[in-house]
Amino acid sequence: MAEKEVENKLEPIQSVERALQVLELLSTRGSLGLNDMHKALGVNKASLLRLAYTLVGQGFAAKDEQTGEYSLTLKSYEIGLRAVKNLDKMSLITSTLADLSSQTGRIAQFSVEDNNTLLCLQSIGQKNNPFSVYTNLGGRSPLYCTSAGKALLSACSNTEIIARWDNLDPKPLTKNTITDIQELLSDISRTRQRGYALDQEENEYGICCIGSIVMGQTGKPVGAISLSGNAFSGEDEIRSLADILLPVARRLSGMMGYYIAP
Numbered sequence: 001m002a003e004k005e006v007e008n009k010l011e012p013i014q015s016v017e018r019a020l021q022v023l024e025l026l027s028t029r030g031s032l033g034l035n036d037m038h039k040a041l042g043v044n045k046a047s048l049l050r051l052a053y054t055l056v057g058q059g060f061a062a063k064d065e066q067t068g069e070y071s072l073t074l075k076s077y078e079i080g081l082r083a084v085k086n087l088d089k090m091s092l093i094t095s096t097l098a099d100l101s102s103q104t105g106r107i108a109q110f111s112v113e114d115n116n117t118l119l120c121l122q123s124i125g126q127k128n129n130p131f132s133v134y135t136n137l138g139g140r141s142p143l144y145c146t147s148a149g150k151a152l153l154s155a156c157s158n159t160e161i162i163a164r165w166d167n168l169d170p171k172p173l174t175k176n177t178i179t180d181i182q183e184l185l186s187d188i189s190r191t192r193q194r195g196y197a198l199d200q201e202e203n204e205y206g207i208c209c210i211g212s213i214v215m216g217q218t219g220k221p222v223g224a225i226s227l228s229g230n231a232f233s234g235e236d237e238i239r240s241l242a243d244i245l246l247p248v249a250r251r252l253s254g255m256m257g258y259y260i261a262p
């Protein structure tokens with residue numbers, strides 16, 4: 001059964017709903033006792049006591065033993081800050097992709113690895129670009145035959161790639177698709193040396209891509225940026241695109257907290 005069909009049949013968990021209602025109430029009303037919560041939410045006091053006890057135990061609320069009132073802790077604030085921080089990062093990524101697309105005339109993407117596949121989180125392209133369908137937001141592609149995917153694989157050791165090979169489920173999508181592990185390792189080695197990966201009509205005929213990894217604060221990849229469009233005209237165009245893409249990937253990594261030695 002499709003995930004969407006399952007979601008349509010699901011019923012909300014009432015205790016979770018009520019706990020979230022308590023959090024929202026405390027965020028707007030400040031400190032409240034069980035009586036005030038009961039009046040505001042219409043939930044019986046026994047249930048409210050269990051909810052409040054759970055929120056205190058999880059660090060989301062604190063109880064004043066003298067007044068018996070409950071108030072929010074900074075944990076909710078911390079979660080909110082992290083959410084805002086993530087939104088800020090995506091806004092930064094989006095503006096960066098827009099600049100790349102405008103400068104090159106190609107579709108610019110930011111993708112991440114998810115469950116041995118490549119997941120496109122943002123895609124910016126020219127309105128009249130005939131390849132815009134290829135980069136649907138939220139679309140998935142293989143790691144082994146896409147430039148962003150191979151850029152992400154380049155952060156893994158050869159031993160790790162070999163161990164994951166079967167899970168990558170290699171299939172010949174075009175005559176150029178690499179389905180031999182040794183050939184892929186050679187391609188990944190070239191990717192590490194030059195700093196970017198290429199997709200030479202390996203995922204779809206007529207489409208070529210160049211991608212580079214984006215590193216995060218922990219020294220691990222947080223994603224990859226790539227440029228996709230019609231087949232490359234030759235080595236000169238590849239080098240020209242690489243000269244544009246690599247400094248952007250490096251700068252974006254720095255903005256993500258990755259330390260880059262001067």
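Using the working numbering, the first residue of the sequence shown is number 1, and each one after it goes up by one.
Beta carbons: idealized from backbone N, C-alpha and C, even for Gly.
If you count every other CB in all the chains shown that lies within 10 Å of the CB of P172, and 16 or more means buried, which is it?
Around the beta carbon of P172, fewer than 16 other beta carbons sit within 10 angstroms, so the residue counts as exposed.
Between the region 158-167 and the region 214-225, can you find at least three pairs of beta-carbon atoms closer than 8 Å?
Contact fails: fewer than three Cβ-Cβ distances are below 8 Å.
Determine which residues share a DSSP beta bridge with F110 and list them.
Bridge partners of F110: Q122, I225.
Run through the region 1-56 for me and flag every whole alpha helix (DSSP H) of 4 or more residues, listed as ranges in chain order.
Runs found: 3-9, 14-29, 34-41.
Sequence-distant residues of its chain with Cβ nearer than 6 Å to M320 (five each side left out):
There is no way to answer for residue 320, as the model of the chain reaches only from 1 to 262.
Three-state class that DSSP yields for I181 in the structure shown
Helix.
Continuous beta strand (DSSP E) stretch holding K63: start and end
Note, K63: beta strand (DSSP E), 61-63.
From which residue to which residue does the alpha helix (DSSP H) around G211 run?
Per DSSP, G211 belongs to no alpha helix (DSSP H); it is in the beta strand (DSSP E), 207-215.
Counting Cβ pairs closer than 8 Å, one from the region 252-260 and one from the region 199-217, do we hit at least three?
Using a C-beta cut-off of 8 Å, the region 252-260 makes contact with the region 199-217, since at least three inter-stretch Cβ pairs fall below that distance.
Decide yes or no for the touch test of the region 189-208 against the region 89-98: beta carbon pairs closer than 8 Å, at least 3 of them.
Taking 8 Å as the limit for Cβ pairs, the verdict is that the region 89-98 does not touch the region 189-208.
Bounding residues of the alpha helix (DSSP H) (the contiguous stretch that carries S141)
Not the alpha helix (DSSP H): S141 falls in the beta strand (DSSP E), residues 140-142.
Does the Cβ of Y144 have 16 or more other Cβ atoms within 10 Å, making it buried, or fewer, making it exposed?
Buried, because 16 or more other Cβ atoms sit within 10 Å of the Cβ of Y144.
So if DSSP puts N230 in a beta bridge, which residue, or which two residues, is it bridged to?
DSSP lists I207 as partners of N230.
If you run the structure through DSSP and keep just helix, strand and coil, what is D99?
Helix.
Give a yes or no on whether the C-beta atoms belonging to L185 and A148 are separated by under 7 Å.
Cβ distance not < 7 Å, so L185 and A148 don't count as in contact.
I need the DSSP call for D199, collapsed to helix, strand or coil.
If DSSP states are grouped into helix, strand and coil, D199 belongs with the strands.
What residues match up with L72 in a beta bridge as DSSP calls it?
The partner list for L72 (beta bridge, DSSP) reads A61.
If we count the other Cβ atoms within 10 Å of its Cβ and call it buried at 16 or more, is L245 buried or exposed?
Here L245 is buried, its C-beta having at least 16 other C-beta atoms within 10 Å.
Helix, strand or coil, according to DSSP, for T94 in the structure here?
Here T94 carries a helix assignment [DSSP, helix/strand/coil].
Compare the beta carbon distance of Q109 and S91 with 7 Å and say whether it is the shorter of the two.
The Cβ-Cβ distance between Q109 and S91 does not fall below 7 Å.
From L25, T54, I79, L198, residue whose alpha carbon lies closest to that of G42:
Comparing Cα-Cα distances from G42 to each of L25, T54, I79, L198, the minimum goes to L25.
Give the DSSP bridge partners of T117, in chain order.
For T117, the beta-bridge partners assigned by DSSP are D114, P142.
Kindly give me the distance between the Cβ atoms of A242 and I210, rounded to whole angstroms, as I take these residues to be in contact under 8 Å.
With 8 Å as the limit, A242 and I210 qualify as a contact, their Cβ atoms being about 6 Å apart.
Which of the three DSSP states, helix, strand or coil, is assigned to K150?
Shown here, K150 sits in a helix according to DSSP, grouped into three states.
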